[in-house]
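Here's the structure we're looking at; comments come further down.
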Amino acid sequence: MLSKKEKGLIKEIWERLSPVAEDIGSEALLRMFASYPGTKTYFSHLDISPGSSHLHSHGKKIVLAIAEGAKDISQLTVTLAPLQTLHAYQLRIDPTNFKLLSHCMLVTLACYLGEEFTPVAHAAMDKYLSAFAAVLAEKYR
Amino acid sequence: MVKWSDFERATIADIFSKIDTGAVGCAALSRCLTVYPWTQRYFSKFGNLSSPDAIASNPKVAAHGKVVMGGFEKAAKNLDDIKNSFRDLSVLHSEKLQVDPDNFKLLADCVTIVVAGQLGKAFTSEVHAAFEKFLAVVVSSLRKQYY
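The following block contains the structure:
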């Protein structure tokens, strides 16, 4: 469960990082493809080599969705409804992969924010990304 | 036997030469106890773990973090035989400490995040992947003697 303080912290971090959504998103994806090569199987239709325009635009899309959800976490199910349908019926990405991307997102944030990514911020962010992933998978079955 | 590329060997050695293992161990264990509070169940004798600040300033956590990271460093120096060099540690965690092995991954993730925070841009996706592979081998070796 996210406390009021944690929700505020998460909202503030993603507000600050939205302008560099492309950098954060593409880096997180790149880390995931490098550490967990099985995840690449979902992207055979795109060019996901470092620096590619597909990687950047896709990374940006993902981070902007995460940032949008962070604006009002209590409304996640409403905000993510279209993405729930997309993932459940079209993309059908195995939900275990959400954990892998979340972990790589946290590593990217740690590299970016350094000391600022305190244990408290890390805990809050991990909880938020877990909740985000859970909502995303809600329509799967 | 695990096969390590030249890049992976060099990267793992480089990471351990750059980090203060005591500080990383302390920070990683503190993070684990903070981010995944259920892991505190194994540390009831450590005193005050009631808040992130209490955990971060707890001397027993710091000392133990150093011990744990020393284990990772031992693995880094024995890349070609981690499984055997960790045999006794695996038995210890399984039979005496009775730690759920799923927790090893949680701590390993926290180690990654602490190292990433310290190395910043130098922790590229390639370096990160090599480190993840190393941690996965350590975790797997620690799980080996559970039955």
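Protein sequence lines, in the order shown, are assigned to chains A and B.
Take the first sequence: its letters are residues 17 to 157, numbered as in my numbering.
Take the second sequence: its letters are residues 39 to 185, numbered as in my numbering.
The C-beta atom is built at its ideal place from N, Cα and C for all residues, glycine as well.
Which of helix, strand or coil does DSSP assign to residue i?
i                   : result
tyrosine 128/A      : helix
leucine 116/A       : helix
tyrosine 185/B      : coil
phenylalanine 172/B : helix
serine 95/B         : coil
valine 200/B        : Only positions 39 to 185 of chain B appear in the structure, and residue 200/B is not among them; the question remains open.
leucine 152/A       : helix
tyrosine 52/A       : coil
proline 90/B        : helix
aspartate 118/B     : helix
tryptophan 42/B     : coil
arginine 108/A      : coil
phenylalanine 124/B : coil
histidine 61/A      : coil
arginine 47/A       : helix
threonine 134/A     : coil
threonine 72/B      : helix
methionine 121/A    : helix
Thinking residue i and residue j are a contact (beta carbons under 8 Å), I'd like their distance in whole angstroms, please.
i               : j                   : result
lysine 155/A    : glutamine 100/A     : 5 Å
leucine 135/B   : tyrosine 80/B       : 7 Å
valine 62/B     : valine 175/B        : Not really, about 18 Å apart at Cβ, beyond 8 Å.
cysteine 148/B  : arginine 69/B       : 4 Å
serine 42/A     : leucine 71/A        : 5 Å
proline 90/B    : threonine 72/B      : 5 Å
tyrosine 52/A   : leucine 116/A       : 5 Å
lysine 104/B    : cysteine 64/B       : 6 Å
alanine 66/B    : valine 152/B        : 5 Å
alanine 83/A    : alanine 37/A        : 7 Å
isoleucine 50/B : phenylalanine 172/B : 5 Å
For residue i, would you say it is in contact with chain A, using Cβ-to-Cβ distances shorter than 8 Å as the test?
i                : result
proline 90/B     : yes
glutamate 124/B  : Note on identity: in this sequence residue 124/B is phenylalanine, with glutamate being the wrong assignment. Taking Cβ atoms only, chain A never reaches closer than 8 Å to phenylalanine 124/B, which makes this a no.
isoleucine 50/B  : no
aspartate 147/B  : yes
lysine 115/B     : no
isoleucine 120/B : no
valine 73/B      : yes
threonine 150/B  : yes
serine 68/B      : yes
glutamate 170/B  : yes
Could you work out which residues of chain A lie near residue i, taking near to mean beta carbons separated by less than 8 Å?
i               : result
alanine 167/B   : Arg47, Ala50 and Ser51
alanine 94/B    : Pro135
glutamate 164/B : Ala50
Given this structure, state the Cα-to-Cα distance separating residue i from residue j, to the nearest angstrom.
i                   : j                   : result
lysine 83/B         : glutamate 131/A     : 29 Å
alanine 50/A        : threonine 57/A      : 12 Å
glutamine 183/B     : phenylalanine 45/B  : 30 Å
leucine 45/A        : glycine 67/A        : 11 Å
asparagine 86/B     : alanine 137/A       : 21 Å
threonine 95/A      : histidine 74/A      : 19 Å
leucine 117/B       : methionine 48/A     : 24 Å
serine 118/A        : glycine 54/A        : 15 Å
lysine 87/A         : alanine 139/A       : 18 Å
alanine 149/A       : leucine 144/B       : 18 Å
lysine 79/A         : leucine 180/B       : Residue identity differs from the one stated: residue 79/A is valine in this sequence, not lysine. Cα-Cα distance, rounded: 35 Å.
alanine 81/A        : glutamate 164/B     : 26 Å
lysine 27/A         : phenylalanine 133/A : 14 Å
histidine 166/B     : threonine 150/B     : 8 Å
aspartate 140/B     : isoleucine 93/B     : 21 Å
phenylalanine 169/B : serine 43/B         : 12 Å
Output yes if chain B places a C-beta closer than 8 Å to the C-beta of residue i; else output no.
i               : result
aspartate 39/A  : no
histidine 119/A : yes
histidine 138/A : yes
valine 79/A     : no
alanine 147/A   : no
alanine 126/A   : yes
Give the interface partners of residue i over in chain B, defined as CB-CB distance under 8 Å, in chain order.
i               : result
glutamate 131/A : Gly155
aspartate 142/A : Val73
Below 7 Å on C-beta distance, what does residue i contact in chain A?
i               : result
isoleucine 57/B : Going along chain A, no residue has its Cβ under 7 Å from isoleucine 57/B, so there is no contact; the nearest lies around 14 Å.
lysine 159/B    : Cys127
Of all the CB atoms in chain C, is at least one closer than 8 Å to the CB of residue i?
i             : result
leucine 122/A : Looking at the structure shown, chain C is missing, and the protein chains on hand are A and B.
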